[in-house]
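Beneath this line is the structure, given in structure tokens, with notes to follow.
Numbering (this note's numbering), first residue to last: 4 to 220.
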């Protein structure tokens, strides 16, 4: 009888241990699954951030190059012509780099490129018709917004823990180029343009809107 009681107690303990081990294993498996899913979501988010950055920068550099082309259509043979051409050539280098990145990283370009093609050239052309001061005012406004945007992107990459050295170095270099263009515009009488402040703010709003749309569409 005592032997039977002992056997029964032993079986109960064994079942309890088995049940505990099963629950523990299930919990461990659940935690592992959650961790794997969490890592997948993190990588997916990082990919989305990179795609948005490359898409909008690709569009932005294309638009900037078109602005300078529009200005050159009017001012190519003036004293400011060579300076504008130099800035245009830099923007084309930026555009070529993002053409490379958009291909290598398989990023879908914005569908709005045909609009930025016309809008960029039109803004450059009309501002140049208003005078070289207005053309430089456009340069200052656009490059101010773009350089700030590049700084925001660098912070976003750092906050998300994205260690893409090529992309970061590209953004840093291009930001510095845009800041240089901004200072060139100021040095060449941008602030003497008619209605400089409201005109500049209007261009900035348009540029920010283009950035917002190109990031998403």
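C-beta: ideal position from N, C-alpha, C; glycine also.
When the five nearest sequence neighbours on each side are left out, the beta carbons in the same chain lying within less than 6 Å of the beta carbon of residue 218 are those of 55 and 59, in order along the chain. DSSP places residue 200 within a helical segment (H, G or I) once states are collapsed to three. Annotation: residue 129 to residue 49 spans about 40 Å, alpha carbon to alpha carbon.
Cβ contact annotation for residue 150 (same chain, cutoff 6 Å, sequence separation greater than five): 178, 181 and 182, in chain order. In terms of Cβ geometry, residue 140 and residue 210 do not form a close pair [threshold 8 Å]. Bounds of any alpha helix (DSSP H) do not take in residue 113, whose DSSP letter is neither H nor E.
Secondary structure of residue 173 (DSSP, three-state): helix. Residue 108 and residue 175 have their alpha carbons spaced roughly 19 Å apart. Going by beta carbons, residue 99 and residue 72 fall outside the 8 Å limit. Annotation for residue 74: 87, 127, 131 and 138 place their beta carbon closer than 6 Å to its own, counting only its chain and skipping 5 residues before and after. For the options 155, 134, 157 and 61, the alpha carbon positioned closest to that of residue 78 is the one of 134. Residue 107: member of the alpha helix (DSSP H) spanning 84-107, first to last residue.
In this structure, DSSP gives residue 164 a state outside helix and strand, which the three-state scheme calls coil. Spanning the alpha carbons of residue 164 and residue 51 requires a straight line of approximately 13 Å. Distances from the alpha-carbon of residue 184 to those of 171, 152, 142 and 155 put 142 closest.
136 is the residue among 64, 194, 220 and 136 whose C-alpha sits nearest the C-alpha of residue 81.
Per DSSP, reduced to three states, the secondary structure at residue 185 is helical.
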